[in-house]
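Enquirer: The structure's right below; bear with me while I get my questions together.
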Amino acid sequence: MSHGDPKVHPEVFRLEDVSVSYGEQLAVQDVTMTIEARQVTALIGPSGCGKTTLLRCLNRLNDLIPEARVGGLVSYRGTDLYGPGVDPIEIRQRIGMVFQKPNPFPKSIRDNVAYGPRLRHEKADLDELVERCLTRVGLWDEVRNDLGRSALQLSGGQQQRLVIARCLAVDPDVILMDEPAASLDPIATERIEDLMVELAADYTIVLVTHNLQQATRVADHTAFFAAEFDEQGARRGRLVEHAPTAVLFEDPQDQRTRDYIAGRFA
Amino acid sequence: MNEQAIRTGIALALLLAAALAVMTYGGLAYRRELLVAALRALVQLVAVALIIAWIFTHPQAAFLYLGVMLVVAAYTSNRRIGGDSRDRLGILLAIFLGASATVLIVAVTGALEFSAQSLLPFSAQMIGGAMTTASLAGVRLRDDVKDQFTVFEGYVALGATYRQAGREFSQRAAEKSLFPTLDQTKSAGLVTLPGAFVGMLLGGASPLLAAQIQLLVLIGLLLVQCITALITTRVISPLAPAGHGGARA
Numbered sequence: 228m229s230h231g232d233p234k235v236h237p238e239v240f241r242l243e244d245v246s247v248s249y250g251e252q253l254a255v256q257d258v259t260m261t262i263e264a265r266q267v268t269a270l271i272g273p274s275g276c277g278k279t280t281l282l283r284c285l286n287r288l289n290d291l292i293p294e295a296r297v298g299g300l301v302s303y304r305g306t307d308l309y310g311p312g313v314d315p316i317e318i319r320q321r322i323g324m325v326f327q328k329p330n331p332f333p334k335s336i337r338d339n340v341a342y343g344p345r346l347r348h349e350k351a352d353l354d355e356l357v358e359r360c361l362t363r364v365g366l367w368d369e370v371r372n373d374l375g376r377s378a379l380q381l382s383g384g385q386q387q388r389l390v391i392a393r394c395l396a397v398d399p400d401v402i403l404m405d406e407p408a409a410s411l412d413p414i415a416t417e418r419i420e421d422l423m424v425e426l427a428a429d430y431t432i433v434l435v436t437h438n439l440q441q442a443t444r445v446a447d448h449t450a451f452f453a454a455e456f457d458e459q460g461a462r463r464g465r466l467v468e469h470a471p472t473a474v475l476f477e478d479p480q481d482q483r484t485r486d487y488i489a490g491r492f493a
Numbered sequence: 010m011n012e013q014a015i016r017t018g019i020a021l022a023l024l025l026a027a028a029l030a031v032m033t034y035g036g037l038a039y040r041r042e043l044l045v046a047a048l049r050a051l052v053q054l055v056a057v058a059l060i061i062a063w064i065f066t067h068p069q070a071a072f073l074y075l076g077v078m079l080v081v082a083a084y085t086s087n088r089r090i091g092g093d094s095r096d097r098l099g100i101l102l103a104i105f106l107g108a109s110a111t112v113l114i115v116a117v118t119g120a121l122e123f124s125a126q127s128l129l130p131f132s133a134q135m136i137g138g139a140m141t142t143a144s145l146a147g148v149r150l151r152d153d154v155k156d157q158f159t160v161f162e163g164y165v166a167l168g169a170t171y172r173q174a175g176r177e178f179s180q181r182a183a184e185k186s187l188f189p190t191l192d193q194t195k196s197a198g199l200v201t202l203p204g205a206f207v208g209m210l211l212g213g214a215s216p217l218l219a220a221q222i223q224l225l226v227l228i229g230l231l232l233v234q235c236i237t238a239l240i241t242t243r244v245i246s247p248l249a250p251a252g253h254g255g256a257r258a
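Sequences listed follow chains H and G, in order. Using the numbering used here, the letters of the first sequence correspond one by one to residues 228 to 493. Using the numbering used here, the letters of the second sequence correspond one by one to residues 10 to 258.
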């Protein structure tokens with residue numbers, strides 16, 4: 228967490244009045260926040276508050292859902308991500324994603340890591356790259372003699388680290404993590420958390436988590452989202468408060484944040 | 010009308026009435042559908058018989074007939090898959106290439122006589138088989154992508170286009186679509202007597218000739234389906250178009 232004075236970190240994302248809807252249903256409303264480089268920013272809040280929806284806007288993965296509409300401005304390093312002429316393919320290579328459930332490809336360990344570089348027809352030494360990425364996630368020593376083995380045979384924690392290595396192999400700028408440890412045991416969780424902190428030295432990380440302790444352990448900044456209900460009873464997420472993690476947990480400004488933190492820690 | 014036709018009519022009426030009676034007795038639904046299906050088959054087959062009889066005297070028209078069949082097959086298969094017009098074009102190509110490769114080999118080797126009489130029904134059967142395979146392979150591809158959507162998303166999140174991500178699923182989908190034909194071919198003559206074989210025996214051909222023709226059909230179908238399945242699963246979009254429960258670029 229000690230990545231120094233937050234003020235020296237340039238902004239990577241700037242969100243202005245961002246709303247996301249699925250058809251008629253508004254999922255997230257009017258989110259305005261910035262996300263800084265080489266920091267871990269955690270998005271927390273109860274289920275259905277739109278954290279994951281918002282996360283998936285940041286690399287245009289919501290494009291996969293035809294009814295999804297994004298309003299407002301999502302700016303990535305000064306580029307409107309939803310502006311004309313923006314290639315989502317390029318965006319996704321710059322902004323990687325790790326999912327809640329490890330989703331290794333049904334391929335060998337080596338081919339999982341090499342998939343992204345091969346897509347880009349990179350001719351560089353893939354063996355060296357595979358080793359570097361697997362080393363970075365602390366998996367190399369466990370699998371170095373088994374690179375041809377199916378990734379599906381790894382444990383859940385190993386699979387998740389493999390997925391992170393796969394993501395690193397395309398040399399991203401940002402890594403989005405959607406509850407990356409939600410399906411893992413405590414030891415595997417700890418390894419992923421340590422890894423996040425390590426990776427934040429070189430990458431910007433945006434983390435969705437239900438686990439408040441995890442946010443306090445790994446995040447430099449935390450944004451709290453709450454679910455609100457409109458007159459028709461439809462639920463939508465709103466950003467309540469966004470602050471350095473220590474500030475948000477020790478001195479929350481909003482009563483809803485206080486209640487949530489008290490409830491979840493009690 | 011000759012006597013044989015009258016006897017056939019009587020038999021058909023009795024068969025249909027018996028089927029309806031059994032359905033009624035057993036409390037089975039879909040009696041109306043059965044009746045409609047039977048009447049459709051009657052009208053379609055008589056019409057086709059008349060058309061083909063005409064084509065046998067005007068062989069150039071065979072190409073037109075097969076062309077229409079090809080288009081109808083592509084439409085039918087695409088509707089089953091729930092594709093858009095671009096998918097339909099891809100399926101048309103897949104069926105055409107599969108069927109024409111097979112017919113070419115059979116015609117060039119002289120295994121079947123180069124005449125409308127033998128090549129038309131053979132080609133039609135190949136197009137029919139290709140259509141079934143295109144449907145199976147396409148539905149399979151989209152189902153697999155839907156079932157393993159998190160893996161599909163994983164490819165996309167690394168910068169794969171939807172098509173590139175879909176290609177990771179197409180091999181398996183193509184393989185699975187071949188199972189019915191493989192089974193049918195393996196069990197030919199043991200579990201069932203295949204259509205062409207039965208037809209030729211009923212038509213008075215020798216069992217050995219019937220077997221020859223049936224082999225051309227079965228092995229021909231294998232080639233047709235390999236080609237059609239491979240092409241279909243590579244050219245159609247792995248995602249259903251908007252409004253069909255999926256998304257696409």
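No residue lacks a Cβ here, since even glycine has one placed at the ideal position from N, Cα and C.
#1: What residue from H:K278, H:D429, H:L242 and H:G275 has the CA that sits closest to G305 (chain H)'s CA?
#2: Helix, strand or coil for T261 (chain H) per DSSP?
#3: Residues in its own chain within less than 7 angstroms of P479 (chain H) by CB, not counting five upstream and five downstream?
#4: For chain G, find out if any of its Cβ atoms is closer than 7 angstroms to the Cβ of N339 (chain H); answer yes or no.
#5: Between S410 (chain H) and L379 (chain H), what straight-line distance do the alpha-carbon atoms span, to the nearest angstrom?
#6: G323 (chain H) touches chain G at which residues, Cβ-Cβ below 8 angstroms?
#7: Can you list, in chain order, the stretches of the alpha helix (DSSP H) that have 4 or more residues and sit fully within the segment 96–176 of chain G?
#8: Return helix, strand or coil for D412 (chain H), following the three-state DSSP convention.
#9: Can you tell me the Cα-Cα spacing of M288 (chain H) and Y164 (chain G), whole angstroms?
#10: What in chain G is Cβ-close to Q320 (chain H), meaning under 8 angstroms?
#11: Could you name the residues of the segment 217–245 of chain G whose beta carbon sits closer than 8 angstroms to any beta carbon of chain H, in the order they occur along the chain?
#12: Determine the burial state of Y39 (chain G): buried for a count of at least 16 other Cβ atoms within 10 Å of its Cβ, exposed for fewer.
#13: When the cut-off is 7 angstroms and only beta carbons count, does N330 (chain H) lie next to chain G?
#14: Please classify R49 (chain G) as buried or exposed, where buried requires at least 16 neighbouring CB atoms within 10 angstroms.
#15: Flag T17 (chain G) as yes if its beta-carbon sits less than 7 angstroms from any beta-carbon of chain H, otherwise no.
#16: In whole angstroms, what separates the C-alpha of E458 (chain H) from that of L282 (chain H)?
#17: Check whether the segment 236–244 of chain G touches the segment 76–85 of chain G, counting contact only when three or more Cβ pairs, one atom from each stretch, lie closer than 8 angstroms.
#18: Take Y342 (chain H) and list the residues in its own chain whose beta-carbon comes closer than 7 angstroms to its own, dropping the five residues that flank it on each side.
#19: Show which residues of chain H have a CB atom less than 8 angstroms away from the CB atom of Q180 (chain G).
#20: State yes or no: is the beta carbon of G277 (chain H) nearer than 7 angstroms to at least one beta carbon in chain G?
#21: Can you name the residues that DSSP bridges to F72 (chain G)?
#22: With a threshold of 7 angstroms between beta-carbons, can H253 (chain G) be considered close to chain H, or not?
#23: What residues in its chain sit with their C-beta under 8 angstroms from that of G275 (chain H), if we drop five residues either side in the sequence?
#24: Among G:L211, G:M209 and G:Q157, which one has its Cα closest to the Cα of S179 (chain G)?
#25: T201 (chain G) CB to nearest chain H CB: under 7 angstroms?
#26: When burial is assigned at 16 or more other CB atoms within 10 Å of the CB, is R88 (chain G) buried or exposed?
#27: Considering Cα atoms alone, identify which of H:V397, H:Q386 and H:Q385 is closest to I322 (chain H).
#28: What would DSSP say about L37 (chain G), mapped onto helix, strand or coil?
#29: So, for D373 (chain H): in the same chain, excluding its five sequence neighbours on each side, which residues have a beta-carbon less than 8 angstroms away from its beta-carbon?
#30: Using 8 angstroms for Cβ pairs, my map puts I222 (chain G) next to M209 (chain G). What's the rounded Cβ distance?
#31: How about F105 (chain G) and L79 (chain G): do their beta carbons lie closer than 7 angstroms?
#32: Can you have a look at V313 (chain H) and say buried or exposed, based on whether 16 or more other CB atoms are within 10 angstroms of its CB?
#33: Mapping DSSP to helix, strand and coil, what is P471 (chain H)?
#34: Under the three-state reduction of DSSP, which class applies to Y487 (chain H): helix, strand or coil?
#35: What does G312 (chain H) reach in chain G if we use C-beta pairs closer than 8 angstroms?
#36: Helix, strand or coil for Y303 (chain H), going by three-state DSSP, please let me know.
Expert: Quick answer:
#1: Of H:K278, H:D429, H:L242 and H:G275, the residue nearest in Cα terms is H:L242.
#2: Reduced to three states, the DSSP call for T261 (chain H) is strand.
#3: Cβ contact annotation for P479 (chain H) (same chain, cutoff 7 angstroms, sequence separation greater than five): E468, R485 and I488, in chain order.
#4: For N339 (chain H), the answer is no, since every Cβ of chain G falls outside 7 angstroms of its Cβ.
#5: S410 (chain H) and L379 (chain H) have their alpha carbons spaced roughly 15 angstroms apart.
#6: Those within 8 angstroms of G323 (chain H) in chain G are A166 and L167.
#7: 125–156 and 158–166, all fully within the segment 96–176 of chain G.
#8: D412 (chain H): coil per DSSP, three-state reduction.
#9: Sequence check: residue 288 (chain H) is Leu here, not Met. Cα to Cα, the separation comes out at about 11 angstroms.
#10: Contacts between Q320 (chain H) and chain G, judged by CB atoms closer than 8 angstroms, involve L167 and G168 in chain order.
#11: Going along the segment 217–245 of chain G in chain order, one finds no residue with a Cβ nearer than 8 angstroms to chain H.
#12: With fewer than 16 other Cβ atoms within 10 Å, it is exposed.
#13: N330 (chain H) has a beta carbon lying within less than 7 angstroms of a beta carbon in chain G.
#14: Counting Cβ neighbours within 10 Å, R49 (chain G) comes out exposed, since fewer than 16 surround it.
#15: So, not an interface residue.
#16: So the alpha carbons of these two residues sit roughly 27 angstroms apart.
#17: Not touching, per the Cβ criterion.
#18: For Y342 (chain H), where only same-chain residues beyond five positions count, the Cβ hits under 7 angstroms are F332 and R393.
#19: Residues of chain H whose Cβ lies closer than 8 angstroms to the Cβ of Q180 (chain G) do not exist; the shortest such Cβ separation is about 11 angstroms.
#20: Not an interface residue.
#21: Its beta-bridge partners do not exist; DSSP assigns none.
#22: Caution is warranted here: a pLDDT of 45 is assigned to H253 (chain G), below 50, making its placement in the model unreliable, and the coordinate value is therefore given only provisionally. H253 (chain G) does not count as touching chain H.
#23: Beyond the five residues adjoining it in sequence on each side, G275 (chain H) comes within less than 8 angstroms, by CB distance, of A454, R462 and G464 in the same chain, given in chain order.
#24: Taking S179 (chain G) as reference, the option from G:L211, G:M209 and G:Q157 with the minimal CA-CA separation is G:Q157.
#25: No, T201 (chain G) lies away from the interface with chain H (no Cβ there is under 7 angstroms from its Cβ).
#26: Its Cβ having fewer than 16 others within 10 Å, R88 (chain G) is exposed.
#27: The residue with the shortest Cα to Cα distance from I322 (chain H) is H:V397.
#28: Of the three classes helix, strand and coil, the one that applies to L37 (chain G) here is coil, per DSSP.
#29: Only residues of its own chain outside the window of five on either side were considered, and among them I336 have a CB closer than 8 angstroms to the CB of D373 (chain H), listed in chain order.
#30: Approximately 6 angstroms separates the beta-carbon atoms of I222 (chain G) and M209 (chain G); this is inside 8 angstroms, confirming the contact.
#31: The answer is yes: Cβ separation under 7 angstroms.
#32: Flag for V313 (chain H) reads exposed.
#33: Here P471 (chain H) carries a strand assignment [DSSP, helix/strand/coil].
#34: For Y487 (chain H), the secondary structure class from DSSP, reduced to helix, strand or coil, is helix.
#35: Within 8 angstroms Cβ-Cβ: nothing; G312 (chain H) doesn't reach chain G, min ~15 angstroms.
#36: Of the three classes helix, strand and coil, the one that applies to Y303 (chain H) here is strand, per DSSP.
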